[in-house]
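Scroll down for the structure; my scribbles are underneath it.
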Ligand code: C6P
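Numbering (our numbering), first residue to last: 86 to 494.
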């Protein structure tokens, strides 16, 4: 049985107090908290096995290498990736997407080619493509979102054609909580000979995944959003695509032979892992994946889906509030605006009650323009949040509305 009160005991930071108040951490879409099991794995690595990997043959180097490579296998299996050779450790989702836009985009895109993204992309799946388009003469097109925050798939079918070379899409919106039909988009991409890149930053931590079934060519996610350390994430790519691509960064370990005027490349995945990697963090991510598997992704998803629905229903009862995103088929986050209170002010007021939410454009400025706002307040939940915390959030939002409403009415 999923016992959220027992699970909370694994997270030391949840014991913190903010002034007089118990911390209520609802900024999980920005980064998640870490369980003792992940913190212990980091300590154990540094206390007992720390060495560089893939280089020396002494005992510590062999132990560190084995732990790092075991993490790769764990993460690949967690994602349902068809082949662990395609699993490249990066600093996070942002670096993973830059890798694709740079190493694939600059080599493969030509004038007249199109990259199709959505209006709701995070900047990390937009700006790298703007740079690639500027360098190659390719053009960016955008699948619009409907009023309810879902993708306009009819328009997607109209936009995609023989000129399309890549479709890039967030699996889950960090603003709207919408779950996008990336499997359908992958089919659409493949029907015109294009590739499919999925930004899984907001899906991998929450939804059981099977990349083989999603049918994408590239998938990116960040360790720190899935109870792992910062500084580590992954790009999974179809090995045959990665083989064809140029390296992203040059340096140690990504080479086979180096001459003064040219070099040849190492096998996958090492061709894309230049220099000393985030070794402890990769091992920490392995521990994070073990932790999530221990709870069971189906159970985590069930818990979050219920909490998200509960929060969506409850917060909508606040007078005058606008809540963004679809009613159904959404993850555990709510973005909203109160007419009387700016999201930044609201976030500061809630902080005084120990409640951590995020306010701002959430690194999705084009989406904000589409919604006609400059910022929203956003509460995002994870496996350790409770209905009681949602009630505290809604109560605090209601009190802020009453307080500010008294000045504006
Ligand atoms: N969104 C949020 O508060 P990095 O920073 O590389 O780990 O993840 C980037 C990223 C990419 N795609 C999506 C959909 C995301 O939500 C994020 C990170 C955080 O919403 C920080 S802006």
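Positions of the beta carbon are idealized from the N, C-alpha and C atoms, including for glycine.
- When 416, 425, 481 and 458 are compared, the shortest CA-CA separation from residue 467 is found for 416.
- Residue range 407 to 409 is occupied by the beta strand (DSSP E) that includes residue 409.
- Selection 133, 425 and 289 evaluated against residue 382 yields 289 as nearest (Cα-Cα).
- Per the C-alpha coordinates, the member of 456, 88, 439 and 484 positioned closest to residue 230 is 456.
- Of the residues 233, 325, 461 and 234, the one whose Cα lies closest to the Cα of residue 167 is 325.
- Shortest gap from the CB of residue 254 to any heavy atom of the ligand C6P: 8 Å or more.
- Residue pairing by DSSP puts residue 318 in a beta bridge opposite 175 and 307.
- Set against 8 Å, the gap from the CB of residue 417 to the closest heavy atom of the ligand C6P is not smaller.
- As the crow flies, the alpha-carbon of residue 345 is around 42 Å from that of residue 277.
- Within its own chain, the residues whose Cβ lies closer than 8 Å to the Cβ of residue 426, once the five positions on either side in sequence are excluded, are 434, 485, 486 and 489, listed in chain order.
- Screening all residues for a C-beta within a distance smaller than 5 Å of any heavy atom in the ligand C6P leaves 114, 115, 177, 178, 179, 207, 209, 255, 259, 284, 286, 287, 307, 447 and 448, in chain order.
- Distances from the CA of residue 106 to each of 342, 436, 214 and 321 were compared; the closest alpha carbon is that of 436.
- Taking the CA atoms as reference points, residue 372 sits about 26 Å from residue 209.
- Leaving aside the five residues that flank residue 294 on each side, the residues in its chain whose CB is nearer than 6 Å to its CB run, in chain order, 164 and 165.
- With respect to the 9 Å criterion, residue 300 and residue 178 are not classified as neighbours on the basis of their beta carbons.
- If you draw a straight line from the Cα of residue 220 to the Cα of residue 193, it comes to about 11 Å.
- Sixteen is the threshold: when 16 or more other Cβ atoms of the shown chains lie within 10 Å of the Cβ of residue 118, as they do, the residue is buried.
- Sequence-distant partners of residue 424 (beyond 5 residues in either direction) whose C-beta falls short of 7 Å from its own C-beta, in its chain, are 405.
- It is roughly 46 Å from the alpha-carbon of residue 475 to the alpha-carbon of residue 332.
- Secondary structure in the region 189 to 230: the beta strand (DSSP E) runs of 3 residues or longer, each lying completely within the stretch, are 199 to 203 and 224 to 228 in chain order.
- In this structure, DSSP gives residue 110 an extended state, which the three-state scheme calls strand.
- As DSSP reads the structure, residue 236 sits in a beta bridge with 230.
- Here residue 421 is bridged, per DSSP, to 408 and 462.
- Under the three-state reduction of DSSP, residue 276 is assigned to helix.
- Pairing residue 461 with residue 260 gives a Cβ-Cβ distance under 9 Å.
- The alpha-carbon of residue 141 is positioned some 41 Å away from that of residue 252.
- Under the three-state reduction of DSSP, residue 340 is assigned to strand.
- The shortest C-alpha to C-alpha distance from residue 97 to any of 123, 187 and 353 is the one to 123.
- Excluding five sequence positions before and after residue 368, the CB atoms of its chain that fall closer than 7 Å to its own CB belong to 126, 130, 152, 153 and 156, given in chain order.
- For residue 121, the enclosing alpha helix (DSSP H) has its first and last residue at 121 to 129.
- Between the region 278 to 287 and the region 239 to 251 there are three or more C-beta pairs closer than 8 Å, enough to call the two in contact.
- Just so you know, the alpha carbons of residue 412 and residue 258 end up roughly 14 Å apart.
- Counted as a single uninterrupted DSSP element, the beta strand (DSSP E) harbouring residue 348 occupies residues 348 to 350.
- Note on geometry: alpha-carbon atoms of residue 215 and residue 102 lie some 43 Å from one another.
- Boundaries cannot be given for residue 94, as no alpha helix (DSSP H) includes it and DSSP labels it neither H nor E.
- The residue among 218, 323, 350 and 447 with its C-alpha nearest the C-alpha of residue 337 is 350.
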